[in-house]
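To keep things clear, I will list the structure first and then write my remarks on it.
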Amino acid sequence: MTAPPALLRAASVSRAFGGFTAVDSVSMDLRPGEVVGLLGANGAGKTTLLRLLLGLLAPTSGAVELLGGAPDRERRRRLGYVPQGLGLYRDLTVRENLAFAASSYGAAPAPLEGELAESADALVRDIPLGLQRRLAFVSALAHGPSVVVLDEPTSGVDAVARAELWDTIRAQAASGVGVLVTTHYMQEAEQCDRLLLMSEGRLVGEGDEQAIVAGTTAVAVRTDDWARAFDVLDSAGELVMLSGRAIRVADGDPDGLRTILSAAGLDATVERVPATIEERMAVLARGGGAA
Amino acid sequence: MILKEFRELRRDRRTVGLLVGMPLLLLVIFGYAANFYVSSVKAAVVGPQAEQVASALPSFFDVTVVEPAQGQADAESLLQANTVDVALVTGQQPVLALVDGSNLFAAQSTVSVLNKAGDQVTTQILYNPDLSTSWVMIPAIIGLILTFIGTIVTSIGLVKERETGTLEQLAVMPIRPSTVILGKITPYFLLASLDMVIITVLGMLLFDVPFNGNPFAFALGAALFLLVVLGLGVFISTISQTTGQAIQTAFFFLLPQILLSGMIFPLDAMAAGVRWIGYLLPLTYFTMISQGIMLRGATVAELWLPFTVLAVMAVVVLTGATLRFRRDLAPGRRRRHGHAHEASSAPVSDEAGASR
């Protein structure tokens with residue numbers, strides 16, 4: 004069966020600012036019904052790639068396609084976008100924001116439901132962040148877009164609100180909409196059908212979680228004096244992370260870690276374990292283990 | 045803390061400009077421009093003894109028109125068109141000196157000099173018989189208020205879109221950049237116009253300032269001036285990332301307009317090196333128009349120079365500023381990349397992009 008045409012596509016796209024290359028030869032696509040997660044640490048190039056895909060930045064080289072052509076005004080009619088800052092007018096009410104967004108796309112304002120309906124006449128600046136995010140979603144989806152681009156969509160909202168927003172995202176994908184999500188939340192990455200991992204402007208991993216972390220391991224360190232162990236390993240230049248009271252060292256060497264801990268007089272069990280995406284990102288951010 | 049503050053200041057070019065540039069500007073202004081005494085006025089001498097009287101006048105009078113064949117009506121026309129500050133009508137005893145009261149400081153200096161001639165001259169002050177300061181200031185203040193709304197309020201309104209991230213959302217929406225720009229500046233244009241009407245009417249009611257000219261000509265001048273200052277506001281928004289920066293930058297544009305446009309210190313009394321700055325400022329020309337129409341009842345034809353200058357400024361400033369703002373909004377121009385694809389140019393913010 005032939006794959007449906009890409010809704011969003013980057014072909015060897017690069018963008019440099021002076022001598023600094025923010026996005027370096029990235030190729031990717033987004034197909035109908037797919038939720039693709041764009042991952043990467045801060046400064047990995049996610050936002051610049053997003054701006055290239057939206058047509059807000061011109062590539063230095065390579066090409067970008069939205070709905071089969073240049074991301075021009077006409078094609079952006081079928082795009083829904085929720086920027087990280089939400090793009091809402093704080094001095095307008097919920098209803099007025101929706102009306103403005105809908106009229107900009109030549110669509111009818113979306114009907115308000117639940118808490119948004121209750122706050123219809125409240126100023127956006129007066130409603131909670133979770134509700135603001137939901138409003139941004141409703142605004143971006145009101146005109147029935149084919150492609151939805153979400154920049155850090157659930158940043159700063161509680162777990163219940165986050166789950167509800169992901170319900171909305173999955174429902175959109177189920178109806179054939181392609182969704183591109185940038186995030187650095189691992190829980191959100193797990194919700195995606197496919198992940199793209201960026202580091203230093205390059206695409207360094209693509210696929211599901213297993214494919215992304217392939218080739219990277221971590222070491223779990225268990226000790227009663229976890230606080231001191233953390234300090235000791237951190238001082239030794241290891242990529243140390245804390246998960247509850249458990250210490251994990253990304254890309255660590257178990258024997259080397261044992262030596263460091265024992266020299267500090269710490270009694271600990273050291274075990275090699277599969278790495279998480281977060282640990283893979285930490286390794287990449289340190290400048291090692293590029294795929 | 046002190047070291048940190050100095051480091052921050054060193055890297056904040058606008059504040060350094062304010063700290064270094066503003067004192068220099070004030071020094072120059074108050075050193076060379078802050079002078080209420082006009083040392084020379086343009087004069088016309090008409091009537092049968094025009095040549096004799098002109099040759100006998102002290103050097104205070106810069107005689108630019110000598111017309112023995114003309115009379116009092118012609119002299120008044122010259123004053124109405126602001127060609128001269130004083131016109132001496134000969135052929136009668138004593139000589140009649142008609143003084144343009146709308147040019148307050150020149151008029152005060154002229155009256156002072158004419159008084160020394162004793163009963164050889166009868167002085168008649170036109171357009172502002174009591175040499176009232178408020179009559180001269182109100183028309184200029186109308187311009188100042190329009191400048192305030194046009195530069196500070198407009199630039200804040202536009203920068204707010206950038207600060208809150210809605211500018212990026214607008215850039216992604218399928219709205220034409222021209223529609224966005226028009227939609228953004230039209231409310232300010234209308235509000236400023238309303239303010240102008242209110243201030244003009246209040247000025248007339250509270251201070252008895254006359255309105256001797258054509259209101260439509262006045263509205264045309266105000267509209268042209270408003271387009272210039274709105275353009276300045278749009279321009280300021282394109283070089284400011286925050287509201288604070290916009291206010292700081294607008295201050296740089298506002299202060300010279302207040303001090304060097306002739307509103308407070310007469311242009312004629314300024315040193316030539318500073319006066320030319322005044323002639324670059326739009327408020328200078330609006331003040332010429334507003335005082336000319338309100339006090340002297342001057343026509344568009346008589347005020348052709350300030351009207352023309354403001355029209356040129358409006359086209360240049362507004363076009364330049366909106367083109368700059370357009371770059372922030374939309375990709376507009378397209379460049380071909382690679383084999384067959386085209387991609388849009390112009391960032392919402394290259395600086396933001398550079399941070400990845």
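Protein chains in written order, with this note's numbering: chain A, 4 to 294; chain B, 45 to 400.
Using N, Cα and C, we set each Cβ at its ideal position, and we do this for glycine too.
Keep in mind the model is a prediction, meaning the values are calculated, not measured.
- Interface criterion met: the Cβ of residue 91 of chain A is under 9 Å from a Cβ in chain B.
- The way I'd put it, the segment 256-273 of chain A doesn't touch the segment 255-266 of chain B; fewer than three beta-carbon pairs between them come closer than 8 Å.
- One finds nothing in chain B with a Cβ atom closer than 8 Å to the Cβ of residue 11 of chain A; even the nearest lies about 13 Å away.
- Leaving aside the five residues that flank residue 315 of chain B on each side, the residues in its chain whose CB is nearer than 6 Å to its CB run, in chain order, 76.
- Taking each of A:160, A:173 and A:152 in turn and checking the Cα distance to residue 74 of chain A, the smallest one comes out for A:152.
- As DSSP reads the structure, residue 274 of chain A sits in a beta bridge with A:223.
- By the Cβ-count criterion, residue 215 of chain B is buried, with 16 or more other Cβ atoms from all chains shown falling within 10 Å of its own Cβ.
- Residues of chain A whose Cβ lies closer than 9 Å to the Cβ of residue 261 of chain B do not exist; the shortest such Cβ separation is about 38 Å.
- The beta carbon of residue 81 of chain B sits closer than 7 Å to the beta carbons of 153 and 313 from its chain, once the five residues preceding and following it are set aside; these are given in chain order.
- With respect to chain B, the C-beta atom of residue 149 of chain A has no partner C-beta closer than 9 Å.
- The beta carbon of residue 183 of chain B sits no closer than 9 Å to any beta carbon of chain A.
- Between the segment 79-88 of chain A and the segment 230-247 of chain A there are fewer than three inter-stretch CB-CB distances shorter than 8 Å, so the stretches are not counted as touching.
- Its Cα nearest to that of residue 339 of chain B, the residue B:124 stands out among B:137, B:186 and B:124.
- Against residue 208 of chain B, the close residues of chain A are 88 and 93, in the order they occur along the chain (beta-carbon pairs closer than 7 Å).
- In this structure, residue 103 of chain A sits near residue 95 of chain A, with a CB-CB distance shorter than 9 Å.
- For residue 54 of chain A, the secondary structure class from DSSP, reduced to helix, strand or coil, is helix.
- DSSP places residue 238 of chain A in no beta strand (DSSP E) but in the uninterrupted alpha helix (DSSP H) bounded by 229-238.
- Across the set B:230, B:289, B:280 and B:333, the C-alpha of B:333 shows the shortest separation from the C-alpha of residue 305 of chain B.
- The beta-carbon separation of residue 199 of chain B and residue 308 of chain B, rounded to 24 Å, does not stay under the 8 Å limit for a contact.
- Here residue 134 of chain B carries a coil assignment [DSSP, helix/strand/coil].
- Between residue 65 of chain A and residue 143 of chain A a beta carbon distance of about 27 Å is seen, past the 8 Å cut, so the two are scored as non-contacting.
- Between the alpha carbons of residue 206 of chain B and residue 221 of chain B lies a distance of about 15 Å.
- Residue state for residue 199 of chain B is assigned as helix, using DSSP reduced to three classes.
- Taken in chain order, the complete beta strand (DSSP E) segments of 3 or more residues contained in the segment 88-132 of chain B are 105-111.
- The C-beta of residue 335 of chain B has 16 or more other C-beta atoms within 10 Å across all chains shown, which makes the residue buried.
- In the DSSP assignment, residue 295 of chain B falls within the unbroken alpha helix (DSSP H) covering 287-304.
- Residue pairing for residue 23 of chain A: DSSP places it in a beta bridge opposite A:20.
- The Cβ neighbour count for residue 360 of chain B, taken over all protein chains shown within 10 Å, is under 16; the residue is labelled exposed.
- Looking at B:85, B:114 and B:190, the one whose alpha-carbon comes closest to that of residue 108 of chain B is B:85.
- With respect to the 9 Å criterion, residue 203 of chain A and residue 280 of chain A are not classified as neighbours on the basis of their beta carbons.
- Listed as beta-bridge partners of residue 14 of chain A by DSSP are A:66.
- If the five residues before and after residue 145 of chain B are omitted, its C-beta is found closer than 7 Å to the C-beta atoms of 151, 169, 170, 171, 172, 173 and 175, all from its own chain and listed in chain order.
- Taking residue 357 of chain B as the centre and dropping the five residues before and after it, the same chain places the C-beta of 272 and 326 closer than 7 Å to its C-beta, in chain order.
- Taking a contact to require three or more Cβ pairs closer than 8 Å, the segment 123-133 of chain A and the segment 36-51 of chain A do not qualify as touching.
- Taking 8 Å as the cut-off between beta carbons, the residues of the segment 203-228 of chain A near chain B are 204, in sequence order.
- Per DSSP, residue 49 of chain B is one residue of the alpha helix (DSSP H) stretching across 46-55.
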